[in-house]
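Read top to bottom, the protein sequences are chains L and Y. Each step along the first sequence adds one to the number in the working numbering, with nothing skipped, and position 46 is 720. Each step along the second sequence adds one to the number in the working numbering, with nothing skipped, and position 214 is 275. All residues carry an ideal CB built from backbone N, CA and C; glycine is no exception. Model, not experiment: these values are computed from the prediction.
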Amino acid sequence: MTHMKIAAMLVLPSLIVASFYALAATEPAADVTISIDKFMFEPTALTVTVGTTVHWKNLDPEPHTVRGVDTNFRSDPLDQNDSFAHKFDKPGTYRYVCSIHPQMLGTIVVKAAGPPN
Amino acid sequence: MTPKASINQGRRQALKCLAYGGAGTLFTLSAGVLTPIDLALAAGNPREDRAGLPLFLQISDTHIGFNKEANPDVVGTLARTISLVNAMPQKPAMVIHTGDITHLSKASEFDTAAQLLKQLNITELHTTPGEHDVADASVTEYFSRYGKPSQDRGYYSFDHHGVHFVSLINVLNFKPNGLGALGQEQLEWLEKDLRSRSASTPIVVFAHMPMWTIYEPWGWGTSDASQAMSYLTRFGSVTVLNGHIHQIVQKVEGNITFHTARSTAYPQPAPGEGPGPGPLKVSAAELPGRLGISNLTLRSHPASLSLTDTTLA
Numbered sequence: 675m676t677h678m679k680i681a682a683m684l685v686l687p688s689l690i691v692a693s694f695y696a697l698a699a700t701e702p703a704a705d706v707t708i709s710i711d712k713f714m715f716e717p718t719a720l721t722v723t724v725g726t727t728v729h730w731k732n733l734d735p736e737p738h739t740v741r742g743v744d745t746n747f748r749s750d751p752l753d754q755n756d757s758f759a760h761k762f763d764k765p766g767t768y769r770y771v772c773s774i775h776p777q778m779l780g781t782i783v784v785k786a787a788g789p790p791n
Numbered sequence: 062m063t064p065k066a067s068i069n070q071g072r073r074q075a076l077k078c079l080a081y082g083g084a085g086t087l088f089t090l091s092a093g094v095l096t097p098i099d100l101a102l103a104a105g106n107p108r109e110d111r112a113g114l115p116l117f118l119q120i121s122d123t124h125i126g127f128n129k130e131a132n133p134d135v136v137g138t139l140a141r142t143i144s145l146v147n148a149m150p151q152k153p154a155m156v157i158h159t160g161d162i163t164h165l166s167k168a169s170e171f172d173t174a175a176q177l178l179k180q181l182n183i184t185e186l187h188t189t190p191g192e193h194d195v196a197d198a199s200v201t202e203y204f205s206r207y208g209k210p211s212q213d214r215g216y217y218s219f220d221h222h223g224v225h226f227v228s229l230i231n232v233l234n235f236k237p238n239g240l241g242a243l244g245q246e247q248l249e250w251l252e253k254d255l256r257s258r259s260a261s262t263p264i265v266v267f268a269h270m271p272m273w274t275i276y277e278p279w280g281w282g283t284s285d286a287s288q289a290m291s292y293l294t295r296f297g298s299v300t301v302l303n304g305h306i307h308q309i310v311q312k313v314e315g316n317i318t319f320h321t322a323r324s325t326a327y328p329q330p331a332p333g334e335g336p337g338p339g340p341l342k343v344s345a346a347e348l349p350g351r352l353g354i355s356n357l358t359l360r361s362h363p364a365s366l367s368l369t370d371t372t373l374a
């Protein structure tokens, strides 16, 4: 009992903290938007749960694309204010670039659904 | 310094002077070295006949579909370029477009560009794509129109007036470092393509992105270009032509002359000047002087090419 209590006292706050972090860092499976602004993906790195649809919106007057580096998700060129959406169905780390300005690099981490661990 | 002032100087000096020149370049092959000749000079001065045989024109970065303030009328500036070429009394038989034909890889943009380029009184057109031409998700618009000579690989070679031409593609398979890349398959093909040529054959290599690193933070280079260059050093006359940066930058290394052409659409900032690359807004009066083409002329004994840039001003 004593051990359990101590364990609970130790684990419970860390669970709360972990949940808080999970909520802050991991978007729920609702749509999220990455803006493309001044030749940058913003945010550059994003963590989402499986099933999330990510939208990219280009705010620059220059066209940009979204093109997976290791996987095959790709947009047509996005002129100013154009958007592209892609739904991430599988957990993993997805790097992508703008194929017109490949120095622009972004990453999406897709986490499995379910309670945060 | 104007191209005119440099015309009778040594080739290196001329190239240096021309590095800050015009809108288009005419390449002439002269004593094995490509020599640039000012288009306006070529058009207006019969003495330039001695410069050699007009070999081809380089047009680059027409960006049909661009409509922002740096040039709201890219169709108009390309049409002016074509008029300038058609007015030349001594025209070469060939035009090479070094990419970014379109701005957004749209079918309608390719169609408009084709309509315009058809008005050139020059029969042979060769192209290599820019990253703006292969930006459609399926990467089909460019290749469905211009893929045939390369069987959709994007790289091919041909011979014209004793000059060996090599068209390379460095705008696919980007490395995340931002530089262009040729890739192993293309490099192997290039090595094989050049192996059987004699060292006295003048070589012209064209690709969209610069084949030497002009400014890495802006991706103005090709990561594996040095491998390609190692196959070219044994040749007596090599001319490497690129676009992409919308301004003239030149370098001579041994027998290899590197040259980037102006755009017919809009200028870009000098390397590292300002926050990043992109369309540079200049005054309406200044714009024509920042746009243009390049001419190449062939000279003989020994065969060489000379290069000139011309602006729309």
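For the stretch 317 to 331 of chain Y against the stretch 111 to 124 of chain Y, do three or more pairs of beta-carbon atoms, one drawn from each stretch, fall closer than 8 Å, so that the two count as touching? yes
At the level of alpha carbons, what is the spacing between Glu185 of chain Y and His221 of chain Y? 11 Å
Going by the beta-carbon positions, is the gap between Thr274 of chain Y and Asn303 of chain Y smaller than 7 Å? no
Strand pairing of Trp730 of chain L, partner residues [DSSP]: L:Ile708, L:Phe758
Tell me the rounded alpha-carbon separation between Gly93 of chain Y and Val135 of chain Y. Note that Gly93 of chain Y scores 45 on pLDDT, short of 50, meaning its location in the model is unreliable; the coordinates nonetheless yield the value given after this. Cα to Cα, the separation comes out at about 35 Å.
Where does Met714 of chain L sit, in a helix, a strand or coil, going by DSSP? strand
Check whether the stretch 210 to 219 of chain Y touches the stretch 163 to 178 of chain Y, counting contact only when three or more Cβ pairs, one atom from each stretch, lie closer than 8 Å. no
DSSP three-state assignment for Trp250 of chain Y, whether helix, strand or coil: helix
DSSP three-state call for Lys785 of chain L: helix, strand or coil? strand
Output, in sequence order along the chain, the residues in the stretch 189 to 200 of chain Y whose CB is closer than 8 Å to any CB in chain L. Glu192, His193, Val195, Ala196, Asp197, Ala198
Where does Gln311 of chain Y fall in DSSP's three states? strand
Could you check what DSSP says for Tyr216 of chain Y in three-state terms: helix, strand or coil? coil
Do the CB positions of Val343 of chain Y and Thr300 of chain Y come within less than 7 Å of each other? no
Would you check if there are 3 or more beta carbon pairs closer than 8 Å linking the stretch 767 to 780 of chain L to the stretch 235 to 248 of chain Y? yes
Below 8 Å on the Cβ atoms is my guess for His269 of chain Y versus Asn234 of chain Y; work out the distance and round it to an integer in Å. Contact doesn't hold; Cβ gap of about 13 Å is too wide.
If you measure between the beta carbons of Arg769 of chain L and Val740 of chain L, is that distance less than 7 Å? no
In terms of DSSP beta bridges, what is Leu359 of chain Y paired with? Y:Leu366
Mind checking Phe171 of chain Y: buried by the 16 CB within 10 Å criterion, or exposed? buried
Rounding to the nearest angstrom, what Cα-Cα distance links Ala682 of chain L and Gly788 of chain L in this structure? Low per-residue confidence applies at Ala682 of chain L: pLDDT is 49, beneath 50, and the placement is therefore not dependable enough to give any value.
For Ala289 of chain Y, name the three-state secondary structure that DSSP assigns. helix
Roughly how many angstroms separate the alpha carbons of Ser773 of chain L and Leu243 of chain Y, rounded to a whole number? 15 Å
What does His164 of chain Y reach in chain L if we use C-beta pairs closer than 9 Å? Pro737, Pro751, Asp753
Does the beta carbon of Phe758 of chain L sit closer than 7 Å to a beta carbon anywhere in chain Y? no
Would you list, in chain order, the members of the stretch 708 to 741 of chain L that have their beta-carbon closer than 7 Å to a beta-carbon of chain Y? Phe713, Pro735, Glu736, Pro737, Thr739
What residues in the stretch 123 to 138 of chain Y have a beta carbon less than 7 Å from any beta carbon of chain L? Lys129
Take the Cβ of Asn356 of chain Y as the centre, count every other Cβ of all protein chains shown within 10 Å, and call the residue buried at 16 or more, exposed below. buried
C-alpha distance - Asp197 of chain Y paired with Pro271 of chain Y, whole-angstrom precision: 22 Å
Could you tell me the boundaries of the beta strand (DSSP E) in which Thr123 of chain Y lies? Here Thr123 of chain Y belongs to no beta strand (DSSP E), and DSSP marks it neither H nor E.
Quick one: does Phe235 of chain Y have its CB under 7 Å from some CB of chain L? yes
With burial defined as no fewer than 16 other Cβ atoms inside 10 Å of the residue's Cβ, what is the status of Asp807 of chain L: buried or exposed? This structure leaves residue 807 of chain L out entirely; chain L is present only between 675 and 791.
Of the residues that make up the stretch 272 to 296 of chain Y, which ones have a beta carbon closer than 8 Å to any beta carbon in chain L? Pro278, Trp279, Gly280
Quick one: using the 10 Å Cβ neighbour count with 16 as the cut-off for buried, is Asn182 of chain Y buried or exposed? exposed
Exposed unless 16 or more other CB atoms sit within 10 angstroms - verdict on Glu246 of chain Y: exposed
Going by other Cβ atoms of all chains shown within 10 Å of its Cβ, with 16 needed for buried, is Asp711 of chain L buried or exposed? exposed
Looking only at C-alpha atoms, which of Y:Leu118, Y:Gly137, Y:Asp370 sits nearest to Val156 of chain Y? Y:Leu118
Let me know if Lys152 of chain Y comes out buried or exposed under the rule of 16 or more other beta-carbons within 10 Å of its beta-carbon. buried
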